[in-house]
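Some notes on the structure that comes next.
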Amino acid sequence: MVQITVPASSANLGAGFDALGIALALYNRVWMEEADGTPDNPLCIIESKDSVPIPTDRSNMIYQTARLLYERCGHPFKGLHIIQENNIPMTKGLGSSSACLVAGLLGANTLLGSPMSLADLSDLAAGLEGHPDNTAPALFGGLVTSVMEGGRVHTVSVPVSDRIRFAVFIPDFELKTEVARALLPQKVTREDAVYNLSRAALMTASLFSGSLENLRVAVQDRLHQPYRFPLIPGAEKVFYIAYELGAYAVAISGAGPSILAIVDRDDSEFALKAQRELKQSGLDGWQVQLFCCDPKGACVEFN
Ligand code: HSE
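See below:
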């Protein structure tokens, strides 16, 4: 079987809507092998390694994307045996669907002897997701800047300063990305466009160089977060708590509902203190977890 390990990701980083994303050291694992069906009747055998409910029929996203890759490569598809271990919470803004897309594509590509390059897989994954800011970090790791043009993803992954960690505030409710995108305005003013693009550029340069004093300005956004706050009860309080506890920057993670705080590496008590503050504020349904940036992205092993 091939084993595919894919990191979680946090998209946007405030101002970098649909452009920036960071891979987090929280991983889904998938095992995949060809099944013994026929092209007319491919087999679909899907198991879960944990108690997370997943589709075990042909609607399974990993199965579907793997099948798509077989078809794109013109290779007969006889079905798959897939085993999933899901550690990335689903529908929480932490790139779980991108992790499934990347696992399906990378697994199938490996089983076929790697006919496609990583760049091809990145293009395919972003095309399926509709934006590249989770798929590219899941595939390449690190802090990733991406632009989609004409079906291709132009992307650069850089390491982030080792002086920071990422605290993720995860609520007990879900928010579908399509819902959180539907309410965004179709047009923005030039002033707001400049506001965001200057900050997105500042964010990448500052995270890479360790100019942490810039992060609080760099993370501000006018294109999506103001519209999404009403969908995330407690979000403004979470921002307040994170900044009061000394976070460098706070942003909605992807389309939400989780919230990402960039904190100092040496602040080992941050998660504990944040959890206590959340409880005192009546936000009992929120959990705080601390992660490093994943530097490598998805990887494949044979076992
Ligand atoms: N950039 C996307 C959005 C990320 O904010 O809608 C979704 O995970």
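Heads up: the sequence shown at position 32 corresponds to 153 in this note's numbering, and the numbers run straight through without jumps. For each residue, glycine too, the CB sits at the ideal point set by N, CA and C.
Between Asp254 and ligand 1, is the CB less than 7 Å from at least one heavy atom?
-> yes
Arg320 CB to nearest heavy atom of ligand 1 below 7 Å | no
If Arg150 and Thr186 are in contact, beta carbons under 8 Å, what's the gap, nearest whole angstrom?
-> The pair is not a contact, with the Cβ atoms about 16 Å apart (cut-off 8 Å).
Find out if the Cβ-Cβ distance for the pair Leu336, Ile383 is shorter than 8 Å.
-> yes
What residue from Glu334, His252, Asp342 has the CA that sits closest to Glu299's CA?
-> Out of Glu334, His252, Asp342, the CA that lies nearest to the CA of Glu299 is found in His252.
Cβ neighbours of Phe138 in the same chain (closer than 6 Å, five flanking residues each side left out) | Only Leu344, His345 meet the Cβ criterion.
Local conformation of Cys221 per DSSP, three classes | helix
Chain-order list of residues whose beta-carbon lies under 7 Å from that of Asp178 (same chain, five-residue window excluded) = Cys165
Report the rounded CA-to-CA distance for Leu366 versus Leu399, giving the unit in angstroms.
-> 12 Å
Nearest-angstrom Cα distance between Gln410 and Arg386?
-> Their backbone Cα atoms lie some 14 Å apart in a straight line.
Span of the alpha helix (DSSP H), counted from its first residue to its last, around Ser243 | 239 to 250
Identify which residue in Ser374, Met122, Asp415, Asp405 has its Cα closest to the Cα of Pro280.
-> Asp415
Compute the beta-carbon to beta-carbon distance between Met324 and Val340, rounded to the nearest angstrom, for a pair I have assumed lies under 8 Å.
-> 7 Å
Just reading off the alpha helix (DSSP H) that Gln307 is part of, what are its end residues?
-> It is not in any alpha helix (DSSP H) - Gln307 carries neither H nor E in the DSSP assignment.
Output the boundary residues of the alpha helix (DSSP H) element that contains Tyr191.
-> 182 to 193
Alpha-carbon spacing of Pro176 relative to Leu201, whole angstroms = So the two alpha carbons sit approximately 14 Å from each other.
Would you check if the distance between the CB atom of Asn181 and the CB atom of Ile167 is smaller than 8 Å?
-> yes
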